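Trainee: Here it is, the structure, as structure tokens.
Numbering (the UniProt record's numbering), first residue to last: 1 to 194.
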């Protein structure tokens with residue numbers, strides 16, 4: 001799910017940018033520091049502990065607060081700013097659509113937004129599954145349903161552990177055994193049959 005995050009941040013403005021328009025420099029440094037990064041999300045009235053993490057897609061607005069601070073031995077200026085950003089905030093039990101990036105002995109890796117997670121073999125279907133690594137396919141023995149690299153799927157997030165340092169270090173697990181979940185082609189075919 002996408003959310004708007006409003007928070008404060010201390011931006012370090014390097015000395016070489018101090019000759020430029022100060023507000024433009026602050027906005028540029030804040031965008032470069034936050035966009036594409038994971039940040040903590042705090043619930044209202046519970047500012048002491050983060051409730052989760054989100055991926056900053058775009059910083060929409062930056063406003064400076066007061067004067068910047070200079071630290072002895074550092075030529076940069078540290079400026080406190082408030083910002084508003086569009087962020088992607090995955091949640092437990094959320095249903096998302098993505099596409100399969102690879103097939104392994106464990107199952108299928110699925111990319112959705114900036115994240116990638118594992119759809120374990122046990123969470124795909126109620127059927128025994130043959131793994132065809134050479135052709136990057138998973139095939140149901142009885143149903144003959146298959147999943148391939150590039151297939152679009154609808155899955156539910158059942159395990160969510162977002163890394164504080166890097167999107168790639170995050171661990172996300174999916175299921176698609178429930179009604180309304182699965183390969184989109186299967187779902188559309190089922191809808192047409194009904």
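Glycine is no exception: its CB is placed at the ideal position from the N, C-alpha and C atoms. The structure displayed is predicted, hence computed values, not measured ones.
Which residue or residues does DSSP assign as beta-bridge partners of residue 56?
Mentor: Mapped onto the chain shown, residue 56 falls at position 56. Bridge partners of residue 56: 87.
Trainee: Would you check if the region 147-164 and the region 91-101 touch, i.e. whether three or more CB-CB distances between them fall below 8 Å?
Mentor: Taking 8 Å as the limit for Cβ pairs, the verdict is that the region 147-164 does touch the region 91-101.
Trainee: Could you please give the first and the last residue of the uninterrupted alpha helix (DSSP H) stretch that includes residue 26?
Mentor: What you label residue 26 is simply residue 26 of the chain shown in a count that begins at 1. It spans 22-34 - the alpha helix (DSSP H) in which residue 26 sits, taken as one unbroken run.
Trainee: Rounded to a whole number of angstroms, what is the C-alpha to C-alpha distance between residue 143 and residue 125?
Mentor: Position 143 of the chain shown, counted from the first residue, corresponds to residue 143. Position 125 of the chain shown, counted from the first residue, corresponds to residue 125. Their Cα atoms are separated by approximately 9 Å.
Trainee: Going along the chain, which residues of its own chain have a beta-carbon closer than 7 Å to the beta-carbon of residue 167, five neighbours each way excluded?
Mentor: For the purposes of this step, residue 167 is identified with residue 167 of the chain shown, where counting begins at 1. The answer, listed in chain order, is 38, 55, 114, 115.
Trainee: Do the region 5-23 and the region 77-87 meet, that is, are 3 or more Cβ pairs less than 8 Å apart?
Mentor: Touching, yes, given that three or more Cβ pairs across the two stretches are closer than 8 Å.
Trainee: Which residue's Cα is closest to the Cα of residue 70: 42, 43, 12?
Mentor: Here residue 70 is taken as the residue at index 70 of the chain shown, counted from 1. When each option's Cα is compared against that of residue 70, the closest is 12.
Trainee: Along the chain, where does the beta strand (DSSP E) that runs through residue 115 open and close?
Mentor: Working through the chain shown from its first residue, we reach residue 115 at position 115. Where residue 115 is concerned, the enclosing beta strand (DSSP E) stretches over 115-120.
Trainee: Counting Cβ pairs, one atom from each stretch, are 3 or more of them under 8 Å apart for the region 137-156 and the region 97-115?
Mentor: These segments touch.
Trainee: Quick check on residue 94: does DSSP put it in helix, strand or coil?
Mentor: Stepping through the chain shown from its first residue, residue 94 is reached at position 94. Of the three classes helix, strand and coil, the one that applies to residue 94 here is coil, per DSSP.
Trainee: How far does the beta strand (DSSP E) with residue 112 in it extend, from its first residue to its last?
Mentor: Indexing the chain shown from 1 puts residue 112 at position 112. From DSSP, the beta strand (DSSP E) with residue 112 extends over 107-112.
Trainee: With residue 156 and residue 181 assumed to form a contact (beta carbons below 8 Å), what rounded beta-carbon distance in angstroms separates them?
Mentor: By 1-based counting over the chain shown, the position of residue 156 is 156. By 1-based counting over the chain shown, the position of residue 181 is 181. About 6 Å; that satisfies the 8 Å criterion.
Trainee: When DSSP labels each residue in this structure, what does residue 43 get in the three-state scheme?
Mentor: Against the chain shown, residue 43 aligns to sequence position 43. Residue 43: coil per DSSP, three-state reduction.
Trainee: Distance check for residue 24 and residue 2, CA to CA, integer angstroms please.
Mentor: Locating residue 2 in the chain shown gives position 2, counting from the first residue. Locating residue 24 in the chain shown gives position 24, counting from the first residue. Between residue 2 and residue 24, the C-alpha separation is close to 26 Å.
Trainee: I'd like to know whether the C-beta of residue 173 is nearer than 7 Å to at least one C-beta of chain E.
Mentor: Absent from the structure is chain E; it holds one protein chain and no more.
Trainee: Within the same chain, show all residues whose beta-carbon is closer than 7 Å to that of residue 76, passing over the 5 residues directly before and after it, in chain order.
Mentor: If you number the chain shown from 1, residue 76 lands on position 76. Taken in chain order, the residues that qualify are 12, 13, 14, 15.
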